[in-house]
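Below is one structure, written out as structure tokens; comments come after it.
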Amino acid sequence: MTRLRISHQRGKPILAASVAELDAAIDLISGDSARQECPSMVEITIEEDPYGHAYIDAGIGVEQGFVHLNGPDTYRTTVGDPNAAGTVLYDYCGNGEDVPAREEVPLATVHAVLAAFLTHDGLIPDDHPDLHLSPTG
1 MTRLRISHQR GKPILAASVA ELDAAIDLIS GDSARQECPS MVEITIEEDP
51 YGHAYIDAGI GVEQGFVHLN GPDTYRTTVG DPNAAGTVLY DYCGNGEDVP
101 AREEVPLATV HAVLAAFLTH DGLIPDDHPD LHLSPTG
């Protein structure tokens, strides 16, 4: 069984082995985002083998977020409005991270990608409709 390790600003990582546990983690982090100046960013790895799989950087805001899938041979991202200009500031453990505004998508899309990461054992299919090769990656 695959377990996700979600590193976030609260300190101790959250472990999620089911979609229900992932939902609870997203709700918790989204709630944190509602109480701070900028939305939260997390790092997600496979608990059992964090270096043997791709990892995810994800923004989890109140209504929006993003996903970056970082693998050895690929860098894929979510794309919301491809014409959006500028960046959006996310909070990763007290450090500001600028994310291209075009990569922000509805939180439901972030959830769908993270659920695919969990249910496919860290191997999101190449044809996943919500992830795209990064133009800069």
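At position 124 of the sequence shown the residue is numbered 124 (UniProt numbering), and the sequence of numbers has no breaks. Even for Gly, the Cβ is constructed at its ideal location relative to N, Cα and C. A quick note: this is a predicted structure, and the numbers were derived from the prediction, not measured.
Simplified DSSP assignment, three categories, for residue i
i: R3; result: coil
i: A58; result: strand
i: G94; result: coil
Same chain only: Cβ atoms within 8 Å of residue i, ignoring 5 sequence neighbours per side
i: I6; result: P13, I14, L15, A16, A25, I29, V42, E43, I44
i: D127; result: none
i: N70; result: A54, Y55, I56, D57
Alpha helix (DSSP H) segment containing residue i, residue limits
i: H68; result: From DSSP, H68 is part of no alpha helix (DSSP H) but of the beta strand (DSSP E) over 64–70.
i: L25; result: The amino acid at residue 25 is misidentified as Leu; the sequence shows Ala. Residues 19–34.
Terminal residues of the beta strand (DSSP E) in which residue i lies
i: T74; result: That residue, T74, is in no beta strand (DSSP E); it is neither H nor E in DSSP.
i: I124; result: Per DSSP, I124 belongs to no beta strand (DSSP E) and is neither H nor E.
i: A16; result: 14–16
i: residue 143; result: Residue 143 falls outside the range modelled here, since the chain spans only 1 to 137, and no answer is possible.
Presumed contact (8 Å Cβ cut-off) between residue i and residue j, rounded CB distance
i: I60; j: V113; result: With 8 Å as the limit, I60 and V113 do not qualify as a contact, their Cβ atoms being about 11 Å apart.
i: C93; j: Q9; result: 5 Å
Residue i and residue j closer than 8 Å at C-beta
i: G80; j: E104; result: yes
i: I106; j: E63; result: In the sequence as displayed, the identity of residue 106 is Pro instead of Ile. Yes. Within cutoff.
i: L133; j: T78; result: no
i: D91; j: S40; result: yes
i: R102; j: P82; result: yes
i: V19; j: A115; result: yes
Residues near residue i in its chain [Cβ-Cβ closer than 7 Å; skip 5 each side]
i: R3; result: L15, A16, A17, E47, E48
i: L22; result: L4, A16, L114, A115, L118
Same chain, Cβ closer than 6 Å to residue i, five either side skipped, listed in chain order
i: G65; result: G59, L107, V110
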